[in-house]
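**Q** I am attaching a structure below and will ask some questions about it afterwards.
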């Protein structure tokens, strides 16, 4: 018996549908919204993990660089100078900006130390701090059994997002290589500095209240400069891990740290600079920076034979278009109202990142927790139809 033309067309349609679903396995395997996550730093990976746990597994993570981990990176007015460096150690060394611009509302007491203790540890794991992010990603993204590398097609590296179009019906994301991706929602985990730059264009433009909130917070610059020497010339032993350089110039190579405990016989020193000094140093050569540092060290240890550093590493967070700074800081004048606006979604566009963490902004655990919080906001809308985000009044 021959089949009717209508039956043949239906069969053909069924075959085409099956082929289409086979090419988009995640769509076939799940029922639910499709979400694009912009950025594979701690907050983006954390948000995608929480979405996946909630059953939203049709994910696409677009990362601008060639690795996950975001800003994690590894590489094989006092009266006297003493008062100034102590003041710098208490404020700038923690918040990357001077106390004249740092709001006490989010810093006294500092929630991170109140909740987790006063101890500060330097990560000496050879795998780098980003191993934590890889561990989280490996809980929901497919990895190669032998190498442990992430091979899940839902993670796309070297995809620089340049445009996000959004409407009541969905979102479209365009990358620098002219690839276009469509979804129901987008989660933007780009840094505050990137949001303040013109790297990502939103169409239509973000509403005025959102833009104002983005620019009311600071993107600080915090630079750890590493130097390797042929031998040690600095004090060692218990209680001598840190030492300060007292200068009449605020923040001029003021806070030093040695790593004999973490890396025996490595002969490595770390000096931290922030804010204006960070920006100045990023614009000069490493050789110029090394010359300035050697001059400082020889003033600090006048009775020692201080050899020239054999190697120097100067991170450039501010100059990097994918970061535009190191971490966010709450300036004077902002409170919970601006914070709520900063992390509030705009239609189908959601926001996450350490800058959206109310208590732990500037820290990795802040990024991790903000990813979970922002994912919950999206989940409430996508699965429970609870899409209204409440922003309290400025003085409520």
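In mature numbering (1 follows the signal peptide of the UniProt record, and there is no 0), the protein residues as written are -28 to -1, 1 to 368.
The C-beta atom is built at its ideal place from N, Cα and C for all residues, glycine as well.
1) Are there three or more Cβ pairs, one per stretch, closer than 8 Å when the segment 194 to 203 is compared with the segment 152 to 168?
2) Taking the beta carbon of residue 104 as the centre, do at least 16 other beta carbons fall within 10 Å, making it buried, or is it exposed?
3) Under 8 Å by Cβ, that's how I've got residue 222 and residue 60 pegged, so tell me the actual separation to the nearest angstrom.
4) Taking only three categories from DSSP, how would you classify residue 242?
5) If you draw a straight line from the alpha carbon of residue 131 to that of residue 345, how long is it in whole angstroms?
6) Nearest to residue 339 by alpha carbon, out of 19, 314, 5 and 350?
7) Can you tell which of 170, 277, 126 and 164 has the C-alpha that lies nearest to the C-alpha of residue 370?
8) Answer with buried or exposed for residue 294, where buried requires no fewer than 16 other C-beta atoms within 10 angstroms of its C-beta.
9) Just to confirm my understanding: we take residue 182, look at its own chain, exclude 5 residues before and 5 after, and list those with CB closer than 6 Å. What are they?
10) According to the neighbour-count rule (16 or more other Cβ atoms, all chains shown, within 10 Å of its Cβ), is residue 256 buried or exposed?
11) In terms of alpha-carbon separation, which member of 37, 265, 240 and 7 lies closest to residue 28?
12) Are residue 228 and residue 205 close, meaning C-beta to C-beta below 9 Å?
13) Look at the alpha carbon of residue 74 and the alpha carbon of residue 189, and state the distance between them as a whole number of angstroms.
14) For the segment 271 to 317, list the beta strand (DSSP E) runs that are entirely contained and at least 3 residues long, ordered along the chain.
15) Which stretch, first to last residue, makes up the alpha helix (DSSP H) that contains residue 87?
16) Tell me residue 195's beta-bridge partners as DSSP assigns them.
17) Comparing C-alpha positions only, which one of 35, 23 and 315 sits nearest to residue 111?
**A** A quick look at the data gives this:
1) no
2) buried
3) 6 Å
4) strand
5) 25 Å
6) 19
7) Coverage of the chain is limited to positions -28 through 368, which leaves residue 370 absent and any answer about it impossible.
8) buried
9) 318
10) exposed
11) 7
12) no
13) 10 Å
14) 283 to 285 and 299 to 301
15) 83 to 88
16) 245
17) 23
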